[in-house]
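Novice: The sequence shown begins at 1 in UniProt numbering and counts up by one.
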Amino acid sequence: MGKVKAAIIGSGNIGTDLMYKLENSDVIELTAVIGIEEHSEGLKRAQNKGYQTFFYGIQALIDHPDLADIVFDATSAKAHLNHARILKEMGKKVVDLTPAAVGPFFSPAVGTKVGDDPADNVNMITCGGQATIPMVNAVNQAADVAYAEIVATISSKSAGPGTRANIDEFTLTTRRGIEEIGGADKGKALIILNPAEPPILMRNTVYCEVKNMDEQAILDSIHSMAKKVQEYVPGYRLKQEPLIDGNIVTIFLEVEGAGDYFPSYAGNLDIMTAAAARVGEDIARNMVVVS
């Protein structure tokens with residue numbers, strides 16, 4: 001099977017970790033990492049890995065359109081609004097790791113293979129969304145969720161400038177994902193940055209009010225979904241057995257990173273890059289079959 005060329009826009013923490021996750025892909029050939037700071041740590045690491053590097057942003061792809069057929073955008077929600085328009089005109093497939101929500105939302109554990117979707121821009125929702133929406137969906141499959149609320153707690157050290165700049169987009173985009181992908185009639189999302197030392201692992205609480213309680217079906221669905229997420233995020237786990245009280249289901253999750261680039265406590269960042277890599281590979285496989 002041939003490989004599909006790909007590039008990463010954004011040489012910060014997210015883009016750098018994604019680089020490590022893609023380097024051993026059997027369907028994606030990473031060709032370039034693109035940033036906006038010539039001497040950034042991410043670009044230095046990419047150079048050492050032998051990838052082409054550029055420090056003048058999206059213009060690099062405009063100047064070198066043959067660099068990639070798939071573009072992973074690991075910049076910011078604001079920047080992606082401009083990137084999405086340009087990349088659409090260039091005919092590129094885009095995996096968006098920002099909360100810009102230009103394209104359809106996608107969670108690998110919930111959806112069918114995204115490669116079967118004609119969308120040219122796929123949104124990875126948010127870190128909190130990737131961690132919690134599969135669980136909302138799992139409960140909804142068994143018991144019809146009327147209301148879902150998630151609280152994502154992450155180490156302050158794992159929240160870089162991009163994460164902090166996108167807090168408003170995080171709450172809005174995650175809420176939409178809870179409803180559109182999770183299946184809840186109504187959703188709400190909160191994020192907490194915890195400054196504790198040593199840094200905590202990512203913790204998530206998922207609270208669901210259901211219409212049709214079936215305790216065993218809900219538990220079976222939750223455990224099945226956890227295994228699906230663990231296929232691409234091995235450090236994803238239930239902290240304890242879900243609590244069921246009346247029509248309320250509460251799930252406690254923990255996400256430990258793989259340690260490819262981020263420290264293991266930064267599971268919030270790791271789950272985004274792991275999910276994006278999985279989706280990018282699905283798109284690449286479909287492109288190879290079609291060609």
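Even for Gly, the Cβ is constructed at its ideal location relative to N, Cα and C.
For my contact list, G187 and A148 are in at a C-beta cut-off of 8 Å; report their separation, rounded to the angstrom.
Specialist: With 8 Å as the limit, G187 and A148 qualify as a contact, their Cβ atoms being about 5 Å apart.
Novice: Between L193, A275, A266, A142, which lies nearest to K211 when the distance is taken from Cα to Cα?
Specialist: Selected option, being the one with the closest Cα: A142.
Novice: Name the DSSP beta bridge partners of Y20, please?
Specialist: Y20 pairs with nothing; no bridge assigned.
Novice: Given a cut-off of 9 Å, decide if V71 and A119 are closer than it, judged by their beta-carbon atoms.
Specialist: Contact: no.
Novice: Using 8 Å as the cut-off, classify the Cβ of E29 as near or not near the heavy atoms of the ligand ATP, replying yes or no.
Specialist: What this structure holds is no ligand at all, so the ligand ATP is not there to describe.
Novice: Are at least three pairs of beta-carbons, each pair with one atom in the region 18–33 and one in the region 258–278, less than 8 Å apart?
Specialist: They touch, by the three-pair rule.
Novice: Spell out a yes or no on whether the region 160–180 and the region 222–229 are touching, meaning 3 or more CB-CB pairs, one atom from each, closer than 8 Å.
Specialist: With the cut-off at 8 Å, the region 160–180 and the region 222–229 do not touch.
Novice: Please return the same chain residues whose Cβ sits closer than 6 Å to the Cβ of F262, not counting the five positions on each side in sequence.
Specialist: So the qualifying residues of the chain are D17, L269, D270.
Novice: Is the beta carbon of C208 sitting closer than 9 Å to the one on I181?
Specialist: No. Outside cutoff.
Novice: Measure the C-alpha to C-alpha separation of D214 and N140 and round it to an integer number of angstroms.
Specialist: Computed Cα separation, rounded: 11 Å.
Novice: What are the start and end residues of the beta strand (DSSP E) that includes A189?
Specialist: Where A189 is concerned, the enclosing beta strand (DSSP E) stretches over 186–194.
Novice: Excluding sequence positions up to five away, which residues of its chain have a Cβ less than 8 Å from the Cβ of T31?
Specialist: Excluding positions up to five away in sequence, the list reads K5, A6, A7, Y51, Q52, L67, A68.
Novice: Do you know how far the Cα of V27 is from the Cα of P161?
Specialist: Those two C-alpha atoms are separated by around 31 Å.
Novice: Thinking G128 and A184 are a contact (beta carbons under 8 Å), I'd like their distance in whole angstroms, please.
Specialist: With a Cβ gap of about 14 Å, G128 and A184 do not count as contacting.
Novice: Please report how far the alpha carbon of I62 lies from the alpha carbon of A100, in whole angstroms.
Specialist: If you take the alpha carbons of I62 and A100, they lie about 21 Å apart.
Novice: Going by DSSP in three states, residue 301 sits in which element: helix, strand or coil?
Specialist: Since the first residue of the chain shown is 1 and the last is 291, residue 301 is not available in this structure.
Novice: Going straight from the alpha carbon of A196 to that of A159, what length do you get?
Specialist: If you take the alpha carbons of A196 and A159, they lie about 13 Å apart.
Novice: Pull the bridge partners of V255 from the DSSP assignment, please.
Specialist: Note: V255 sits in a beta bridge opposite M202, Y236.
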